[in-house]
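Residue numbers (the numbering used here), protein chains in the order written: chain A, 130 to 390; chain B, 274 to 484. Glycine included, each C-beta is placed from N, C-alpha and C at the ideal position.
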Amino acid sequence: MPPHTKPHEVIDPVIEFRDVNFVLGGRHLLNDVTFVIGRGETLVLLGRSGAGKTTALKMINRLLVPNSGEVRVEGRSTLEWNPIALRRRIGYVIQDIGLFPHYTVAQNISLIPRLEGWPAKRVHARVKELLEMVGLHGGKFEHRYPKQLSGGQRQRVGVARALAADPDILLMDEPFGALDPMTRGEIQREFKTIEKRLGKTIVIVTHDVGEALVLGTRIGLMEAGRLAGMYAPREFVHASDPMAAAYMAQLRVYEEARGQK
Amino acid sequence: MSLIEFFARHHREIIQATFEHIWLVGMAMVLAIAIGVPLGILVTRRPWLSKPILGGANIAETIPSLALFGFLLPVPWLGGRADRLAIAALTLYALLPIIRNTSAGIAGVEPAVREAARGMGMTNGQILFQVELPLSFSTMLAGIRIATVLTIGIATIAAAVGAGGLGEFIFRGLAMVNDQLILAGAIPAALLALAADSLLSLLEHRLRPVR
């Protein structure tokens with residue numbers, strides 16, 4: 130069994146949920162969620178819409194605060210962190226990307242470095258490096274506006290922006306959800322190599338089991354505000370949990386269809 | 274005497290009245306922007322204030338202009354001088370479109386953009402000045418344009434309380450049943466409104482956030 134399947138076996142915890150509850154408007158969105166993620170791991174939170182995945186994600190950069198229990202980042206409760214300092218150490222990518230329409234690609238990517246007061250030369254070099262990394266080569270993208278990019282290109286810029294200040298942690302909320310399947314597969318594969326190369330601690334929210342298996346070193350299955358299970362991808366494939374089995378069955382339907390052709 | 278001859282003979286008075294008019298409207302707009310933009314921002318930050326603030330501005334908008342000049346007459350410092358009185362009344366009229374468009378512009382910023390800004394660690398001030406305001410600039414400017422055109426028209430009534438401006442000719446013309454006098458006020462006022470409208474809409478389009 131790989132060492133990260135049980136919470137207490139994580140050697141260098143980076144993100145830790147302890148009995149986290151979150152209630153909004155009488156609805157229990159998170160129910161006693163507890164887990165630990167170690168440095169360099171990629172946790173994929175998998176579940177249906179409304180299972181509490183995004184809510185859990187937003188607890189990590191303190192966009193939301195638990196009603197009870199605590200979320201610890203780098204050993205400190207998010208409530209002890211200055212929220213601005215915390216968020217600047219955490220890259221954030223959302224499905225709608227949220228690129229600033231009045232900024233060029235370069236200005237979008239360099240926003241946090243500029244706010245952090247990096248010298249112009251270093252900012253410029255960083256933008257170049259990041260565009261290269263996310264596969265937007267050649268300098269012609271730097272001065273474009275988000276409206277002038279395709280969906281896939283925009284998503285790449287979103288990832289580059291999140292990585293700009295070299296954060297230790299990366300949060301991604303259905304990062305590739307709005308893309309067509311072809312572009313999506315392509316960016317997933319590319320992201321996999323970035324993931325390996327950078328060794329960051331990553332949390333990804335998705336309802337796509339394929340994405341979870343490709344990108345995750347651990348898969349957290351969420352159901353109705355609870356963490357129904359935490360698996361290594363290899364375990365997930367054979368998990369007895371009915372939800373996990375349903376996800377795998379869905380995946381097999383595709384494989385069988387492909388086999389029949 | 275033809276209209277052109279009339280304009281030629283009285284061009285000095287007409288130009289002077291036009292400048293008075295511009296001054297009344299300009300002062301009122303500066304004040305209305307200085308008050309209206311912060312109020313518009315406040316409305317987006319404290320939604321419960323939206324009703325009283327927009328409601329108040331709405332009421333000011335519905336008071337007939339002649340009556341509003343009358344209402345302000347007994348107000349101590351304002352009533353003392355006709356131009357102050359006129360500027361105060363015009364400011365009140367200009368407020369509603371400015372407040373409304375400022376808050377509408379900010380509310381119109383895509384939620385994803387705001388969420389990304391917050392999630393990346395921008396402070397509230399940075400989000401306001403670097404994201405929300407630049408993105409709502411053209412909407413705000415549209416409000417300023419509407420308010421300016423409106424104010425140029427209403428400012429003709431300021432002559433009724435002796436504040437001068439192009440309304441002088443109109444009121445005199447009405448009293449003397451002299452069409453040329455009325456037109457000497459009405460035509461420059463209309464031209465002024467058209468000029469302000471096209472100038473500001475040009476600016477509005479140039480500052481449109483998304484190219």
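Is the beta carbon of residue i less than 9 Å from the beta carbon of residue j?
{"i": "residue 343 of chain A", "j": "residue 166 of chain A", "result": "no"}
{"i": "residue 143 of chain A", "j": "residue 298 of chain A", "result": "yes"}
{"i": "residue 274 of chain A", "j": "residue 232 of chain A", "result": "yes"}
{"i": "residue 358 of chain B", "j": "residue 339 of chain B", "result": "no"}
{"i": "residue 429 of chain B", "j": "residue 439 of chain B", "result": "yes"}
{"i": "residue 379 of chain B", "j": "residue 421 of chain B", "result": "no"}
{"i": "residue 171 of chain A", "j": "residue 149 of chain A", "result": "no"}
{"i": "residue 351 of chain A", "j": "residue 215 of chain A", "result": "no"}
{"i": "residue 259 of chain A", "j": "residue 186 of chain A", "result": "no"}
{"i": "residue 308 of chain B", "j": "residue 368 of chain B", "result": "yes"}
{"i": "residue 333 of chain B", "j": "residue 434 of chain B", "result": "no"}
{"i": "residue 376 of chain B", "j": "residue 313 of chain B", "result": "yes"}
{"i": "residue 306 of chain B", "j": "residue 362 of chain B", "result": "no"}
{"i": "residue 477 of chain B", "j": "residue 414 of chain B", "result": "yes"}
By a C-beta neighbour count over all protein chains shown, 10 Å radius and 16 as the cutoff for buried, is residue i buried or exposed?
{"i": "residue 374 of chain B", "result": "buried"}
{"i": "residue 209 of chain A", "result": "exposed"}
{"i": "residue 376 of chain A", "result": "buried"}
{"i": "residue 321 of chain A", "result": "exposed"}
{"i": "residue 365 of chain A", "result": "buried"}
{"i": "residue 373 of chain A", "result": "buried"}
{"i": "residue 385 of chain A", "result": "exposed"}
{"i": "residue 294 of chain B", "result": "buried"}
Can you tell which of the options has the C-alpha that lies nearest to the C-alpha of residue i?
{"i": "residue 279 of chain A", "options": "A:265, A:191, A:290 and A:291", "result": "A:265"}
{"i": "residue 217 of chain A", "options": "A:189, A:195, A:225 and A:251", "result": "A:189"}
{"i": "residue 158 of chain A", "options": "A:194, A:145 and A:385", "result": "A:194"}
{"i": "residue 437 of chain B", "options": "B:325, B:384 and B:286", "result": "B:286"}
{"i": "residue 323 of chain A", "options": "A:262, A:388 and A:201", "result": "A:262"}
{"i": "residue 204 of chain A", "options": "A:153, A:151 and A:145", "result": "A:145"}
{"i": "residue 269 of chain A", "options": "A:249, A:235 and A:313", "result": "A:235"}
For chain A, find out if any of its Cβ atoms is closer than 9 Å to the Cβ of residue i; answer yes or no.
{"i": "residue 434 of chain B", "result": "no"}
{"i": "residue 477 of chain B", "result": "no"}
{"i": "residue 396 of chain B", "result": "yes"}
{"i": "residue 502 of chain B", "result": "One cannot answer for residue 502 of chain B here, as it falls past the ends of chain B, which runs 274 to 484."}
{"i": "residue 288 of chain B", "result": "no"}
Does residue i come out as helix, strand or coil in the three-state DSSP assignment?
{"i": "residue 452 of chain B", "result": "helix"}
{"i": "residue 130 of chain A", "result": "The predicted position of residue 130 of chain A is uncertain, since its pLDDT is 36 and thus under 50; no value can be drawn from it."}
{"i": "residue 246 of chain A", "result": "coil"}
{"i": "residue 203 of chain A", "result": "coil"}
{"i": "residue 362 of chain A", "result": "helix"}
{"i": "residue 354 of chain B", "result": "coil"}
{"i": "residue 232 of chain A", "result": "coil"}
Of all Cβ atoms in chain B, is any one closer than 9 Å to the Cβ of residue i?
{"i": "residue 185 of chain A", "result": "no"}
{"i": "residue 240 of chain A", "result": "yes"}
{"i": "residue 195 of chain A", "result": "no"}
{"i": "residue 142 of chain A", "result": "no"}
{"i": "residue 223 of chain A", "result": "yes"}
Any heavy atom of the ligand GDP closer than 8 Å to the beta-carbon of residue i?
{"i": "residue 359 of chain A", "result": "Among the components of this structure there are no ligands whatsoever, and the ligand GDP is therefore not found."}
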